[in-house]
Amino acid sequence: MSGRVPTRRELLGAGAAGTAGLLTLPAAATAAISTNGTATSGTSEAPISETQRLQRLVGLELLLLYCYRYVLGSSILDSRTRRRLSPFADHERAHIAALETHLKARGGVAPSGPDSTKTANRYLANRNVAGRLGQLKGSQDALNLLLRLEQVTIGAYFVALIEVDDTKLISLVCQIMANEAQHDAVIGLSMPKGTPARAVPYGLVQGLQ
Amino acid sequence: MVTEDGASSRRALLTGTGTALAGGALVLVGCGAVSSDKKTVKKTPVALSHQDIAILERALDLERRTVNAYLACIPLLTRPQRKAFRQFLKEELQHTGELASLITAGGGTPPPRADSYAIGHPTDGPGALAVIHSLEALQISSYLDWIPRLSPGAVRAAVASVLTVDSQHLAMCRVMQGQDPVPGPFVTGAA
Numbered sequence: 001m002s003g004r005v006p007t008r009r010e011l012l013g014a015g016a017a018g019t020a021g022l023l024t025l026p027a028a029a030t031a032a033i034s035t036n037g038t039a040t041s042g043t044s045e046a047p048i049s050e051t052q053r054l055q056r057l058v059g060l061e062l063l064l065l066y067c068y069r070y071v072l073g074s075s076i077l078d079s080r081t082r083r084r085l086s087p088f089a090d091h092e093r094a095h096i097a098a099l100e101t102h103l104k105a106r107g108g109v110a111p112s113g114p115d116s117t118k119t120a121n122r123y124l125a126n127r128n129v130a131g132r133l134g135q136l137k138g139s140q141d142a143l144n145l146l147l148r149l150e151q152v153t154i155g156a157y158f159v160a161l162i163e164v165d166d167t168k169l170i171s172l173v174c175q176i177m178a179n180e181a182q183h184d185a186v187i188g189l190s191m192p193k194g195t196p197a198r199a200v201p202y203g204l205v206q207g208l209q
Numbered sequence: 210m211v212t213e214d215g216a217s218s219r220r221a222l223l224t225g226t227g228t229a230l231a232g233g234a235l236v237l238v239g240c241g242a243v244s245s246d247k248k249t250v251k252k253t254p255v256a257l258s259h260q261d262i263a264i265l266e267r268a269l270d271l272e273r274r275t276v277n278a279y280l281a282c283i284p285l286l287t288r289p290q291r292k293a294f295r296q297f298l299k300e301e302l303q304h305t306g307e308l309a310s311l312i313t314a315g316g317g318t319p320p321p322r323a324d325s326y327a328i329g330h331p332t333d334g335p336g337a338l339a340v341i342h343s344l345e346a347l348q349i350s351s352y353l354d355w356i357p358r359l360s361p362g363a364v365r366a367a368v369a370s371v372l373t374v375d376s377q378h379l380a381m382c383r384v385m386q387g388q389d390p391v392p393g394p395f396v397t398g399a400a
């Protein structure tokens, strides 16, 4: 379920970074700290506003909703798995509605979601999500695609938490991020040989960025 | 074996925790659960407020209580359930290590463990599942209250990475109880 396994050298390098007596953050986190004025940042990525952050999150949720609707509307999943995952599309709709409320309050305009599988596949490629709608060869392919996209979505909320300051929005982001993590676990449970232990294999979940 | 320092093996220590204490430093690297391929890191000192430390201490106390509940409840469960909950216990221990590291790195001292924790008196499997269910739900509702009050965004995110796993534990607990694992679109910690 995870991405590439880091090499021993990378792991040791990351561990060694911690001995410098400094707080070491992902680049996105450093950008957020710079935005808050509490520390400087050397990152080249410009910080984005809460409105832009919300637009990105809504766009991602729309892609997730499109993929759930596509997979659930096909006959690719067995009936038990389809039944288990079918409420998730409504969950994504509720996330979109809640985020759009915050977005509109800031004067932002919600992005439009994918209008075709071709567009959705382009968005998936942009997010480095393996698998393409229309080319899924079985249940496992579909579950892998949904799992990976859920993890990308969790990662987007993780970054949002670093950068957002509005406490109500932070609360909402936490509630949605936790819900996406539950989706992730249930998809893992639905995999061949899926068990509760295998569905929750990590002690800390921060998604894919 | 996993200790409260979050260490199970060298590899697990380096990959399993997004945050680890080393040499008095707070270190957030990569993405613990599902690692990012991006290895770009920056070094930035961040201080925690007294309120941040107080919140992390309360979170640590609650995680320790949950660890004790797992230890008490696991023997009452069926074999497949025990296998899952042993895994979840390791993850709860990792949470205590994570929080203790954040407290230390922020200039505080993790409080000592209590002599005992109130976890109820389960006598059978369903009772044990109910105890764990209620404690996971309590952790979630507490984190949802605490996270917006944490000031550094990076610490908010680090604590949220604990919340997400507790929400997964609750979902799997619900499966074992024959309930809907994800009953709504927003995780609130309501039982």
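Here the protein sequences line up with chains A and B, keeping their order. In terms of the working numbering, the first sequence opens at residue 1 and continues consecutively. In terms of the working numbering, the second sequence opens at residue 210 and continues consecutively. Even for Gly, the Cβ is constructed at its ideal location relative to N, Cα and C.
Along chain B, in chain order, which residues have C-beta atoms closer than 8 Å to that of residue i?
i, result
"A/C67", "Correct list: empty, because the minimum Cβ distance to chain B is about 17 Å."
"A/E90", "With the sequence shown as reference, residue 90 of chain A is identified as Asp, and Glu is not the correct amino acid for it. Those are P394, listed as they occur along chain B."
"A/T195", "P289, K292 and A293"
"A/I76", "Result: empty, since nearest Cβ-Cβ is about 21 Å, beyond 8 Å."
"A/A120", "Per Cβ cutoff of 8 Å: no residues; A/A120 is ~21 Å from chain B at best."
List, in chain order, every chain A residue whose beta-carbon is nearer than 8 Å to that of residue i.
i, result
"B/T397", "Q175"
"B/H259", "Simply none; closest approach about 16 Å."
"B/A380", "Q182, A185 and V186"
"B/Q377", "A181, Q182, D184, A185, A199, V200 and V205"
"B/S370", "F158, L204, V205 and Q206"
"B/A366", "A29, F158, V159, L161, I162 and Q206"
Starting from residue i, find everything on chain B with Cβ-Cβ shorter than 7 Å and list it in chain order.
i, result
"A/H183", "V391"
"A/N144", "By Cβ distance, chain B contributes nothing, its closest Cβ being about 13 Å from A/N144, past 7 Å."
"A/I187", "The premise fails here: A/I187 is roughly 11 Å from chain B at the closest Cβ pair, so nothing lies under 7 Å."
"A/P192", "Result: empty, since nearest Cβ-Cβ is about 17 Å, beyond 7 Å."
"A/A125", "By Cβ distance, chain B contributes nothing, its closest Cβ being about 15 Å from A/A125, past 7 Å."
In chain A, what lies closer than 9 Å to residue i by C-beta?
i, result
"B/G316", "Ordered by position in chain A, no residue passes the 9 Å Cβ test against B/G316, which lies about 12 Å from the chain."
"B/Q386", "Neighbours of B/Q386 on chain A: none; closest Cβ ~12 Å, over 9 Å."
Starting from the Cα of residue i, find the closest Cα among the options and give me that residue.
i, options, result
"B/T287", "B/H342, B/H330, B/G334 and B/V396", "B/G334"
"B/T397", "B/S360, B/A281 and B/I356", "B/I356"
"A/T153", "B/A327, B/T373, B/K299 and B/F294", "B/T373"
"B/R273", "B/D354, B/P319, B/G315 and B/Q290", "B/P319"
"B/I262", "B/L359, B/A380 and B/G336", "B/L359"
"A/D258", "A/E100, A/Q175, A/C67 and A/L57", "No statement about residue 258 of chain A is possible, as the shown extent of chain A runs from 1 to 209 and does not include it."
"A/I76", "A/L143, A/G59 and A/G188", "A/L143"
"B/Y352", "A/S86, A/V109, A/C174 and A/K193", "A/C174"
"A/S49", "A/L147, A/S74, A/D166 and A/G73", "A/D166"
"A/A199", "B/P394, B/L379 and B/Q388", "B/L379"
"B/A327", "B/Q260, B/G393, B/L271 and B/P390", "B/L271"
"B/L302", "B/L280, B/D389 and B/Q290", "B/L280"
"A/K168", "A/K118, A/G188, A/L103 and A/Q182", "A/L103"
"B/L344", "B/R267, B/L265 and B/V276", "B/V276"
"A/D141", "A/Q55, A/I187 and A/E61", "A/I187"
"B/H342", "B/F294, B/L269 and B/L265", "B/F294"
"A/Q55", "A/P201, A/L133, A/S79 and A/A156", "A/A156"
Assuming residue i and residue j make a contact with CB atoms under 8 Å, what is their CB distance in whole Å?
i, j, result
"A/S190", "A/R84", "6 Å"
"A/A185", "B/Q377", "4 Å"
"A/E180", "A/R53", "At roughly 16 Å, the Cβ-Cβ gap does not stay under 8 Å, so A/E180 and A/R53 are not in contact."
"B/A278", "B/V371", "Not really, about 16 Å apart at Cβ, beyond 8 Å."
"A/T51", "A/S139", "Contact flag wrong, Cβ pair sits at about 39 Å."
"B/A256", "B/G316", "7 Å"
"A/A178", "B/Q296", "That pair is no contact at about 19 Å."
"B/A366", "A/F158", "5 Å"
"A/L63", "A/A110", "Contact flag wrong, Cβ pair sits at about 13 Å."
"A/R58", "A/L99", "A small correction: the amino acid at residue 58 of chain A is Val; Arg does not occupy that position in the sequence shown. So it is a contact: roughly 5 Å between Cβ atoms."
"B/G362", "A/L161", "6 Å"
"A/L65", "A/R106", "About 22 Å; that fails the 8 Å criterion."
"B/D375", "B/I349", "5 Å"
"A/L146", "A/V71", "6 Å"
"B/K299", "A/G203", "7 Å"
Could you list which residues in chain A have their beta carbon closer than 7 Å to that of residue i, in chain order?
i, result
"B/P357", "T167, I170 and S171"
So which residues on chain B does residue i lean against when the C-beta distance must stay under 9 Å?
i, result
"A/A94", "G393, P394 and F395"
"A/A130", "In chain order: nothing, as chain B lies at least about 13 Å away."
message = Tell me which residues of the stretch 327-355 of chain B have at least one Cβ-Cβ distance to chain A shorter than 8 Å, keeping chain order.
response = I349, Y352 and L353
ask   = Taking any Cβ of chain B, which residues in the stretch 160-172 of chain A have a Cβ under 7 Å from it, in chain order?
value = L161, I162, E163, T167, I170 and S171
inquiry  = Against chain B, which members of the stretch 96-116 of chain A pass a CB distance test of less than 8 Å?
reply    = A98
query = Given a limit of 7 Å on CB to CB distance, which residues of the stretch 267-293 of chain B reach chain A?
reply = K292 and A293
ask   = Which residue spans inside the stretch 286-349 of chain B form an unbroken alpha helix (DSSP H) run of at least 4?
value = 288-314
query = Can you list, in chain order, the stretches of the alpha helix (DSSP H) that have 4 or more residues and sit fully within the stretch 76-137 of chain A?
reply = 79-105 and 117-126
ask   = What residue ranges within the stretch 132-190 of chain A form continuous alpha helix (DSSP H) runs of no fewer than 4 residues, ordered along the chain?
value = 139-163 and 167-190
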